[in-house]
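Below is one structure, written out as structure tokens, with a few remarks after it.
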């Protein structure tokens, strides 16, 4: 089946919206605004914004007003993701000088500007969501959801656990719990935000939450597999840089075959959740299904 | 006139609320939650939360529901303030090892934890505000106000300008613009949040915005005066550490007498704004008036 053509349109839409809404470099403080734009614009999978649009279209008929509200939610979740990358790359954190082939923000600008750009991007995420053209009660619920996913019980908490463990997790449960917070919370929030903004009912919201958690888990297992497999193929080693760094991954804890089997089991759960949505089996849900397949089958 | 007895009550109230709502150290990740609590609890003027409560009481009759909503707004603004101090103290920023006589967060914990604690406190601020028991439309407006005040056009932007200028401002206008963003935006937002949460009308909101900006300005001029005067008295020098560091301040740009005269002019504007409030001249406005006097007359 051909990939859903709506995905490319939504990607262009979210990138145009972000470019339009992020403060211009011409507005002071110009270097801060330049750093914010550098961190967000340019290359990126835009997985989280696409999940927002796709989830909404899988559970409701979206009119122009609804689409405009989704623009705000999709941009907000991408800004949270972008700020987290800026801070995670800092020397005191993962100390990365390159991201997607470009110098990281603290290298391209400076350390203080990277800290402040991340901080300002987080504030901007909530500003954009608060400004969404949707019923106030939905916006409040969306803001609460995003703030919880971003905070110490979500993304920040997962990163703190990962840093404290220096990558070593005692067992699979601890690894899964860490990833569910570090990356899973925001991916799941993206799926839920899509439903929330278009007013999905409680049963549908529960299915989206379940689906979002499974997509986040699949994404991480696949990440670990790609790391191990890429190195195995290109370097002739049996394990990749995660193993070399002594990091616990699904592959180090389960083995390659074990991790692959686990991924297939999660993929089965994703299919079952997709089938329970109002769009189960029809074309409205294809974009969301495509994104889930992408999380499971992607090559990078 | 004796200080308004409500201030001590509100201070105790906001501190109890923060202690109750911040995640416990017993909940994982414990070290992150410990750092968040360390950054927020303990000593502090609590100026911003007090402004929230006082502004609300100056413009409306506040019932128990209103007071509960103010708890959330007051705590949210204090969390934004607290996170900004954690990040400003980092080595890449102001590099301070002590704050209020205690080791700063990156010293008491570690650098990565300080970055993450600041990030998580910002998210928690928006989570608490989104959870306020108030009409959804007011919460959305409050969230938009707080996010704008915290972002690149407010607090983060002011800090970026200050860092880029390494403290040197070409003239008074540039200094005032920087402070209006760096500290003024959040102080003004506190005053406006109080009115917003209790449903103040547009004219009252405009007066509160004007008043908040003036209180922020008075606070900063007094800060500069205290720095210069304290050193003059204790060290026998004609100027304090701001001047020693080559920083532009109201004192270096206007001189001691000039800065004092400027402060008195701002104090006059504050009194005039207070008189225009619904509480102008009656006891409902005393707490807000007391806080303004404190900003102008404080000794530390």
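Residue numbers (our numbering), protein chains in the order written: chain A, 127 to 426; chain B, 127 to 426.
For each residue, glycine too, the CB sits at the ideal point set by N, CA and C.
Note that the structure is a prediction, hence the values are computed from the model and not measured.
Where residue 223 of chain A falls, given that 16 or more other Cβ within 10 Å makes a residue buried
exposed
Between the region 282-297 of chain A and the region 326-337 of chain A, can you find at least three pairs of beta-carbon atoms closer than 8 Å?
no
Which bits of chain A does residue 266 of chain B rub up against, with CB to CB less than 7 Å?
Result: 256, 262, 265, 266.
Measuring only between beta-carbons, confirm whether residue 376 of chain B sits less than 9 Å from chain A.
Chain A, which has no Cβ nearer than 9 Å to the Cβ of residue 376 of chain B, makes this no.
Straight-line gap, residue 197 of chain B to residue 319 of chain B (C-alpha atoms, nearest Å)
11 Å
Would residue 236 of chain A count as contacting chain B if we go by Cβ distances under 9 Å?
yes
Within this structure, are the beta carbons of residue 200 of chain A and residue 316 of chain A separated by less than 9 Å?
yes
Please look up how many angstroms separate the CB atoms of residue 252 of chain A and residue 269 of chain B, rounded, as I've assumed it's under 8 Å.
Indeed they touch by this definition, with Cβ atoms about 6 Å apart.
Interface flag, residue 272 of chain B vs chain A, CB-CB below 9 Å
yes
Interface positions of the region 131-151 of chain A facing chain B (Cβ-Cβ less than 7 Å), listed along the chain
149
When you compare the CB of residue 239 of chain A with every CB in chain B, is at least one pair closer than 9 Å?
yes
Does any residue of chain A have a CB that is nearer than 9 Å to the CB of residue 158 of chain B?
yes
In whole angstroms, give me the CA-to-CA distance for residue 210 of chain A and residue 244 of chain A.
7 Å
Going along the chain, which unbroken runs of the alpha helix (DSSP H) with 4 or more residues stay wholly within the region 248-336 of chain A?
262-276, 281-290, 298-305, 311-323
Identified DSSP bridge partners for residue 229 of chain A:
A/224
Using a C-beta to C-beta distance shorter than 7 Å, which residues of chain A count as neighbours of residue 269 of chain B?
252, 256, 269
What does residue 420 of chain B reach in chain D if we use C-beta pairs closer than 9 Å?
The chain labelled as chain D is not found among the protein chains of the depicted structure, namely A and B.
What whole-angstrom Cβ distance do residue 281 of chain A and residue 311 of chain A have, given they're in contact under 8 Å?
5 Å
List, in chain order, every chain B residue whose beta-carbon is nearer than 7 Å to that of residue 384 of chain A.
Neighbourhood of residue 384 of chain A in chain B, by CB distance below 7 Å: empty, with the nearest CB roughly 26 Å away.
Under 8 Å, with one C-beta from each stretch per pair, do the region 145-154 of chain B and the region 171-189 of chain B reach the 3-pair mark?
no
Give me the chain A residues within the contact set of residue 213 of chain B, using Cβ-Cβ distance strictly less than 7 Å, ordered along the chain.
241, 245
Closer than 8 Å by C-beta to residue 301 of chain A: which residues in its own chain qualify, once you throw out the five before and the five after it? Chain order, please.
295, 374, 375, 376, 379
Using a C-beta cutoff of 9 Å, does residue 331 of chain A count as contacting chain B?
Not an interface residue.
Cβ pair count under 8 Å reaching 3, the region 404-418 of chain A against the region 164-180 of chain A
These segments touch.
Please classify residue 175 of chain B as buried or exposed, where buried requires at least 16 other C-beta atoms within 10 Å of its C-beta.
buried
If you compare alpha carbons, which of A/383, A/384, A/423 is closest to residue 396 of chain A?
A/423
Is DSSP giving residue 210 of chain A helix, strand or coil here?
helix
Under 9 Å, do residue 242 of chain B and residue 158 of chain B count as touching if we go by C-beta distance?
Cβ distance < 9 Å, so residue 242 of chain B and residue 158 of chain B count as in contact.
Taking a contact to mean a Cβ-Cβ separation below 9 Å, would you say residue 205 of chain A touches residue 247 of chain A in this structure?
yes
Distance between residue 308 of chain A and residue 249 of chain A (C-alpha atoms, nearest Å)
19 Å
Selected residue, minimal CA-CA separation from residue 267 of chain A, among B/271, B/258, B/272
B/258
Check the Cβ of residue 285 of chain A against every Cβ in chain B and list those closer than 8 Å, keeping chain order.
242
Supposed close pair residue 164 of chain A, residue 238 of chain A - CB separation, criterion 8 Å:
The beta carbons of residue 164 of chain A and residue 238 of chain A sit about 15 Å from each other, so the pair does not count as a contact at 8 Å.
Just to confirm my understanding: we take residue 265 of chain A, look at its own chain, exclude 5 residues before and 5 after, and list those with CB closer than 6 Å. What are they?
258
For the alpha helix (DSSP H) containing residue 140 of chain A, list its first residue and its last residue.
132-147
Please tell me whether residue 279 of chain A has its Cβ less than 9 Å away from any Cβ of chain B.
yes
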